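Colleague:
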Amino acid sequence: MPEFENMALVGYDDLQARSAYQPVIHEQFGRWIAYIGHHGGTNAVPAPLNPLTGANEPNGTSIVDVTDPRHPQYLAHIPGEPGLYEAGGAQMVRVCDGKTLPKGDPKAVYLLRPFGNAAHEIWNTADPSHPQLVTRVVEGLKGTHKSWWECDTGIAYLVSGVPGWRVPRMTQVFDLSDPAHPVKIRDFGLPGQQPGASGPVSEMLHGMISLGPAANRIYFGYGTNAEGLLQIVDRDKLLYGPSEPTEENLRSAEVGRFELSPMNGAHTTFPVLGMPIAEFAKDRIGKVRDFVVITDEEIANECREARQMVWFVDVTVEKHPVSVAT
Numbered sequence: 010m011p012e013f014e015n016m017a018l019v020g021y022d023d024l025q026a027r028s029a030y031q032p033v034i035h036e037q038f039g040r041w042i043a044y045i046g047h048h049g050g051t052n053a054v055p056a057p058l059n060p061l062t063g064a065n066e067p068n069g070t071s072i073v074d075v076t077d078p079r080h081p082q083y084l085a086h087i088p089g090e091p092g093l094y095e096a097g098g099a100q101m102v103r104v105c106d107g108k109t110l111p112k113g114d115p116k117a118v119y120l121l122r123p124f125g126n127a128a129h130e131i132w133n134t135a136d137p138s139h140p141q142l143v144t145r146v147v148e149g150l151k152g153t154h155k156s157w158w159e160c161d162t163g164i165a166y167l168v169s170g171v172p173g174w175r176v177p178r179m180t181q182v183f184d185l186s187d188p189a190h191p192v193k194i195r196d197f198g199l200p201g202q203q204p205g206a207s208g209p210v211s212e213m214l215h216g217m218i219s220l221g222p223a224a225n226r227i228y229f230g231y232g233t234n235a236e237g238l239l240q241i242v243d244r245d246k247l248l249y250g251p252s253e254p255t256e257e258n259l260r261s262a263e264v265g266r267f268e269l270s271p272m273n274g275a276h277t278t279f280p281v282l283g284m285p286i287a288e289f290a291k292d293r294i295g296k297v298r299d300f301v302v303i304t305d306e307e308i309a310n311e312c313r314e315a316r317q318m319v320w321f322v323d324v325t326v327e328k329h330p331v332s333v334a335t
């Protein structure tokens, strides 16, 4: 059986034998640059060799010029936090041009990434062969993951593990419109996850997708492979409402939620809004629908846990989401 369909391999790079997690392809100054986040190293190879420096470096961020996809050029590796698998590396990457950010340097290109589970950093990669650290946004954390950065506003939603919170991952909101001078806006999570709360604790955050100020919505996904929850949040209320993480304040920004089966998670919550439904074309009401596509992550592979699937959830009425397909 062929290993591909309707596509063909054009080129590849071995990334110095580092595992790849999240890639972002970004056009900058007439070049296409791939930024690839890595998990930590393995027991066998905790810190692979970087031939560009001659040093063994903990997995971090690879920077590859893919302008000519047949001949990609590995430009630089930014080491991450020492550690193995989920405990080290720099898994996530987001990139914004300085000319797009409200207070950025127009000659800069900014890379936002975690430093293992301990911190979030911003680097200037205008010269992708020689990245320069701009600042540490926040450090002293106990977890990080897949954050989101609005390049037009500079608002960043950082997946963080803040000491005192009852889950390994929640949200820290920062104004990074001036990347050299981060401004914290607030901490956010599900009610019951905040410091000082009691009782059962909901699953930790995996990531979020913001549609920015025009749509005024953010879609959060909790629970990677179990106890999944989609949370729809009013962006304005999150940014400009009371910031103290009380149960009332945490609830106030929520517009709606959808709880999955305890057997399934909400790894990614991808909004697909304003979709015309051909079968409903003649209907006076409801011919155009809003959906969120939810994907889960299989962790115990080889059929050792419940089947993880893709869920299509109709969120046209945000207070009452309905699953319409898997």
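Mapping of the sequence shown onto my numbering: residues 10 to 335, in sequence order. Ideal Cβ positions, reconstructed from N, Cα and C, are used throughout, including at glycine. Please read these numbers as outputs of a predicted model, since none were measured by experiment.
For the alpha helix (DSSP H) containing S219, name the first residue and the last one.
Modeller: Taken as a continuous stretch (DSSP letters only), S219 belongs to no alpha helix (DSSP H), being part of the beta strand (DSSP E) at L214 to S219.
Colleague: Quick one, which of E314, L142, V210 and E130 has its alpha-carbon nearest E148's?
Modeller: Residue E130 is the option with its Cα nearest to E148.
Colleague: Pair every Cβ in the segment 10–21 with every Cβ in the segment 35–55, then say whether three or more of these pairs are closer than 8 Å.
Modeller: Output reads no: the segment 35–55 does not touch the segment 10–21.
Colleague: In terms of alpha-carbon separation, which member of H215, V281 and P254 lies closest to R226?
Modeller: R226 has its Cα closest to that of V281, out of H215, V281 and P254.
Colleague: CA-CA distance, E268 and G237?
Modeller: When rounded, the distance between both Cα atoms is 6 Å.
Colleague: Label H190 either buried or exposed according to how many other C-beta atoms from any shown protein chain fall within 10 Å of its C-beta, with 16 as the threshold for buried.
Modeller: Per the 10 Å Cβ criterion, exposed.
Colleague: In three-state terms, what does DSSP make of Y30?
Modeller: Residue state, collapsed to three classes: coil.
Colleague: Going by Cα to Cα distance, which pick from T70, M272 and F321 is closest to E314?
Modeller: Looking at the Cα atoms, M272 is the closest of the given residues.
Colleague: Note down, one range per segment and in chain order, each beta strand (DSSP E) of at least 3 residues found wholly within the segment 143–216.
Modeller: Segments of the beta strand (DSSP E) lying fully in the segment 143–216: 164–169, 179–184 and 192–197.
Colleague: According to DSSP, what are the bridge partners of H48?
Modeller: Looking at the DSSP assignment, H48 forms a beta bridge with G98.
Colleague: Out of L214, T180, T233 and P209, state which residue places its alpha-carbon closest to the alpha-carbon of S252.
Modeller: Looking at the Cα atoms, T180 is the closest of the given residues.
Colleague: Looking only at its own chain, which residues have a Cβ that is under 7 Å from the Cβ of F289, when we skip the five neighbours before and after it?
Modeller: So the qualifying residues of the chain are G295 and K296.
Colleague: Taking N310 as part of the alpha helix (DSSP H), name the residues at either end of that continuous run.
Modeller: Element bounds for N310: n/a, residue is neither H nor E.
Colleague: Quick one: what's G285 bridged to in DSSP?
Modeller: The residue you asked about is not Gly; residue 285 is Pro in the sequence shown. BP columns for P285 point to V297.
Colleague: Name the two residues that bound the continuous alpha helix (DSSP H) containing Y316.
Modeller: According to the sequence provided, residue 316 is Arg. The question's Tyr does not apply to it. Premise fails: R316 is in no alpha helix (DSSP H) and is neither H nor E.
Colleague: Quick one: is G20 buried, meaning 16 or more other Cβ sit within 10 Å of its Cβ, or exposed?
Modeller: Exposed, because fewer than 16 other Cβ atoms sit within 10 Å of the Cβ of G20.
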